[in-house]
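>
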Amino acid sequence: QVQLVESGGGLVQPGGSLRLSCAASGSIFSTSTMGWYRQAPGKQRELVAAITSAGSTNYADSVKGRFTISRDNAKKTVYIQMNRLKPENTAVYYCNLRIFGRETWGQGTQVTISS
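According to our numbering, the sequence shown is numbered sequentially starting from 49.
#1: Helix, strand or coil: which one does DSSP assign to Phe77?
#2: Which partner residues does Gln129 have in the DSSP bridge list?
#3: With a CB to CB cut of under 6 Å and the five nearest residues on each side skipped, what residues in its chain are close to Gly156?
#4: Given this structure, state the Cα-to-Cα distance separating Arg114 from Leu133, to the nearest angstrom.
#5: Taking 9 Å as the cut-off, decide whether the C-beta atoms of Trp84 and Val126 are in contact.
#6: Could you compute how far the alpha carbon of Arg129 sits from the alpha carbon of Leu145?
#7: DSSP state of Asn144, grouped into three classes?
#8: Suppose the cutoff is 6 Å on Cβ atoms and the five residues either side in sequence are ignored; what does the same chain contact list for Val60 look like?
#9: Can Ser80 and Ser101 be called in contact, C-beta distance under 9 Å?
#10: Could you give the distance in angstroms between the alpha-carbon of Gln87 and the alpha-carbon of Trp153?
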């Protein structure tokens with residue numbers, strides 16, 4: 049069974065940067081689509097960015113040009129580099145693994161953007 053563990057969240061001032069990591073267990077990481085989602089208080093969970101096994105990426109319009117998703121298959125880890133952070137980026141960020149129509153979620157990591 050796959051498990052995902054996120055890390056790297058925290059409190060950052062507006063305009064700052066953070067890099068989140070998500071480490072996966074199991075042997076299917078390299079063939080899976082990986083995604084980062086976020087959920088702000090009172091809002092639905094939304095896709096932030098995703099990367100396929102082939103390395104194709106897609107981003108929410110609100111983060112294009114500021115966030116970069118990447119993966120290291122040897123380390124079974126997906127990253128999201130978040131730059132020029134804004135207060136509205138405050139949320140719990142979740143890692144997602146999707147393969148053959150099945151999904152696995154991490155426990156989430158809190159990202160707070162505040163001065």
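All residues carry an ideal CB built from backbone N, CA and C; glycine is no exception.
Because the structure is a prediction, the values reported are computed rather than measured.
Once the coordinates are examined:
#1: helix
#2: Arg67, Thr116
#3: Val140, Tyr142
#4: 8 Å
#5: yes
#6: It is Gln, not Arg, that sits at residue 129 in the sequence shown. Approximately 18 Å between the Cα atoms of the pair.
#7: Shown here, Asn144 sits in a strand according to DSSP, grouped into three states.
#8: Leu66, Leu133, Ile161
#9: yes
#10: Each residue's Cα considered, the two are about 13 Å apart.
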